[in-house]
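Numbered per the working numbering, the sequence shown spans residues 1 to 465.
Glycine included, C-beta positions come from ideal geometry on N, C-alpha and C.
Working notes for the structure below.
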Amino acid sequence: MHLQHGVKILWLSMTVAAAVFLIINVWESYLAVFSGPVQIIVENPRYPLYKLDFPAITICSNNKIMRSQVEALGKKLFWNSKSLDILEQFENSLKTFAYMRFPLYNHPYTFMKSINDNVYPIPGNQILNYMVEVAPTVEDIMSSCSWRGKRYDCSELFRKQITEEGLCYSFNSKTAERNTNYSLRNPPYSSKNGLVALRSNSAGQKSGLEVILKSIHHESMIYGVTEGYTVMIHAPETYPEVSQSLMIPFTKSGTLYYQIAVTLSTTHAHNSLQKLDESVRDCIFKNEILEKDIDLLVINCSMFCRINAMIALCNCVPYYFFGLTAAEICNFEHLECISLINVRLRNTNMSTEVPGFPVWSLPLTMNCSCRQSCSYVSYNAEIRQSFPITRNNLDNSTFSDTENAFLDMFYRDMWAISYTRQAKFGMRDFIVGVGSMAGLLLGFSLVSLVELLGFLIRFIFYFSK
Numbered sequence: 001m002h003l004q005h006g007v008k009i010l011w012l013s014m015t016v017a018a019a020v021f022l023i024i025n026v027w028e029s030y031l032a033v034f035s036g037p038v039q040i041i042v043e044n045p046r047y048p049l050y051k052l053d054f055p056a057i058t059i060c061s062n063n064k065i066m067r068s069q070v071e072a073l074g075k076k077l078f079w080n081s082k083s084l085d086i087l088e089q090f091e092n093s094l095k096t097f098a099y100m101r102f103p104l105y106n107h108p109y110t111f112m113k114s115i116n117d118n119v120y121p122i123p124g125n126q127i128l129n130y131m132v133e134v135a136p137t138v139e140d141i142m143s144s145c146s147w148r149g150k151r152y153d154c155s156e157l158f159r160k161q162i163t164e165e166g167l168c169y170s171f172n173s174k175t176a177e178r179n180t181n182y183s184l185r186n187p188p189y190s191s192k193n194g195l196v197a198l199r200s201n202s203a204g205q206k207s208g209l210e211v212i213l214k215s216i217h218h219e220s221m222i223y224g225v226t227e228g229y230t231v232m233i234h235a236p237e238t239y240p241e242v243s244q245s246l247m248i249p250f251t252k253s254g255t256l257y258y259q260i261a262v263t264l265s266t267t268h269a270h271n272s273l274q275k276l277d278e279s280v281r282d283c284i285f286k287n288e289i290l291e292k293d294i295d296l297l298v299i300n301c302s303m304f305c306r307i308n309a310m311i312a313l314c315n316c317v318p319y320y321f322f323g324l325t326a327a328e329i330c331n332f333e334h335l336e337c338i339s340l341i342n343v344r345l346r347n348t349n350m351s352t353e354v355p356g357f358p359v360w361s362l363p364l365t366m367n368c369s370c371r372q373s374c375s376y377v378s379y380n381a382e383i384r385q386s387f388p389i390t391r392n393n394l395d396n397s398t399f400s401d402t403e404n405a406f407l408d409m410f411y412r413d414m415w416a417i418s419y420t421r422q423a424k425f426g427m428r429d430f431i432v433g434v435g436s437m438a439g440l441l442l443g444f445s446l447v448s449l450v451e452l453l454g455f456l457i458r459f460i461f462y463f464s465k
């Protein structure tokens, strides 16, 4: 009798221990599925380059206005005026707007005050037209362009581009201007499936885009700005991001040869992510994006946040954003307001509950919430080296003393890296894991579950009589 009781106690103890162990493992599996459900794994470390778009390359002259063009426009507008003061005021007006760029939105107001508000009132709807007319053209800043070793006219490869640097020129950008009648070669080209960006399957020097830049120092009207160019390398679908720009300064020591190497990776979202809530997977699919919410994407999110902040706080946007929004273009009366929110435009909101962000360290910020895309391509650029060159170093007969920078932009490696963002465990994995553990510990199976339900039904039916 005592032996039978001991066996019963032993079996009961083993069953309880197995049940407790099962519950613990079920809880851990639940946390693995619902608390940290997403992982990014390397899918292919040798992903072919030809399957990805060559990056868009945006080049901005640090001199936003040309002296000769400003003088010509002034004479055209005020040809019947005998006052030189009007011409000076008009030039001051264009200089003021030429200073407008991120992250130095306080400079236009500072300059205007330094000249005692001696500016000519320009109607808001004319600011963009005037700034385009006096801006350097492709021919003014570029003397030679080659794509994959073949020479092309630079105007056949570059289009006007909106950036927070002002008016620039882009190669292979789907966000560049398309209203002007460009050459059929201007990338990206149109097809029945939409815009198609150029691609490349080569890596190394002179296998991508080569551009020789001119010095326009003699046309400069803006003081305190480094002579040279700003280069931004970005995805063709996006606007250039100023925070990721490369500076190409001109020097008095002669022409410099810049090697700009690009590495890229692609992250693909697995279908398993769509079964997870957005707050759990921490990313968003393109088919979930409403057009009115496009500014919430991580792609150019900061730029659109700044646009929205300027509209909300100053009721205007810089002239180069005309067309992206119906808001009024910032004129002289708005410059003080933009100057006051300059620091705010550089910072997004962050909770003080996050470590490293005490209240005293936080400046005024924009109310901005950015979501990341589940699938994307990343382009990373670096200036590998720069060194002086002469005519003998180049296979380009148009090289002259007025050309101060030779840009050679190419893929660094023959392969890209492909990643997959996927759920660590799906609901199927959760059920299989729980079932396996229950079967191992308690001998539980679907058949035994049916038998248990049948027993309970018979038991209830028996006692209900």
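Within the same chain, show all residues whose beta-carbon is closer than 7 Å to that of residue i, passing over the 5 residues directly before and after it, in chain order.
| i | result |
| --- | --- |
| LEU313 | CYS337, ILE341 |
| TYR47 | THR266, TRP415, ALA416, ILE417, SER418 |
Taking 8 Å as the limit between beta carbons, can you name the residues of its chain near residue i, skipping five residues before and five after?
| i | result |
| --- | --- |
| LEU456 | none |
| MET350 | PHE357, LEU362, THR365 |
| ILE141 | ILE59, SER61, TYR169, LEU213, LYS214, ILE216, TYR229 |
| HIS270 | THR420, ARG421, GLN422, ALA423 |
| GLU43 | HIS268, SER418, TYR419, THR420 |
CB residue i to CB residue j, shorter than 8 Å?
| i | j | result |
| --- | --- | --- |
| THR163 | VAL242 | yes |
| ILE460 | SER373 | no |
| GLU177 | ARG159 | yes |
| GLY254 | PRO388 | yes |
| GLN39 | LYS424 | yes |
| PHE332 | VAL119 | yes |
| MET221 | ILE65 | yes |
| ALA56 | SER191 | no |
| SER272 | GLN161 | no |
| PHE111 | TYR130 | no |
| TYR302 | TYR109 | Checking the displayed sequence, the identity of residue 302 turns out to be Ser instead of Tyr. Result no, Cβ atoms of SER302 and TYR109 do not sit closer than 8 Å. |
Please determine, among the options, the residue with the shortest C-alpha to C-alpha distance to residue i.
| i | options | result |
| --- | --- | --- |
| PRO188 | LEU345, LEU167, GLY204, PRO236 | PRO236 |
| ASP413 | CYS368, THR263, SER302 | THR263 |
| LEU52 | THR267, CYS374, SER272 | THR267 |
| ILE479 | ILE122, TYR50, SER83 | Any question about residue 479 goes unanswered here, given that the chain covers just 1 to 465. |
| PHE410 | SER83, PHE78, VAL132, GLY149 | GLY149 |
| ARG346 | ARG306, ILE23, SER375 | ARG306 |
| GLN126 | ILE383, LEU276, MET350, PRO318 | PRO318 |
| GLY194 | THR175, GLY204, THR251 | THR175 |
| VAL134 | GLY74, LEU157, ILE59 | GLY74 |
| LEU198 | ILE86, LYS214, SER173 | SER173 |
| VAL132 | SER245, PHE322, MET247 | PHE322 |
| TYR257 | PHE111, GLN385, GLN89, ASN106 | GLN385 |
| ASP282 | CYS330, SER369, GLY228 | SER369 |
| GLN259 | ALA405, TYR109, PHE54 | ALA405 |
| HIS234 | LYS82, SER68, SER265 | SER265 |
| LEU128 | LEU167, VAL359, GLU278, ILE23 | LEU167 |
| ALA381 | GLY224, MET232, TYR223 | MET232 |
| THR238 | TYR105, PHE54, LYS252, ILE9 | PHE54 |
| THR96 | TYR223, ASP277, SER279 | TYR223 |
Buried or exposed: where does residue i fall if 16 or more other Cβ atoms within 10 Å of its Cβ makes it buried?
| i | result |
| --- | --- |
| GLY208 | buried |
| ALA17 | exposed |
| LYS292 | Residue placement at LYS292 is flagged as unreliable, the pLDDT there being 47, under the threshold of 50; the coordinate-derived value follows with that caveat. Exposed is the call here. |
| THR226 | exposed |
| VAL377 | buried |
| ASN287 | exposed |
I'd like the list of long-range same chain contacts for residue i, defined as Cβ closer than 6 Å, with 5 residues on each side in sequence excluded.
| i | result |
| --- | --- |
| GLU210 | SER146, ASP408 |
| ILE41 | THR420 |
| PHE102 | GLU164, VAL242 |
| ASP295 | Confidence in ASP295 is poor, its pLDDT being 43 and thus under 50, which makes the residue's placement too unreliable to answer from. |
| ILE122 | SER93 |
| HIS218 | none |
| HIS334 | CYS314, CYS316 |
Which runs of the alpha helix (DSSP H) spanning at least 4 residues fall entirely within the segment 264-315, listed in chain order? The qualifying runs are 278-281, 301-314.
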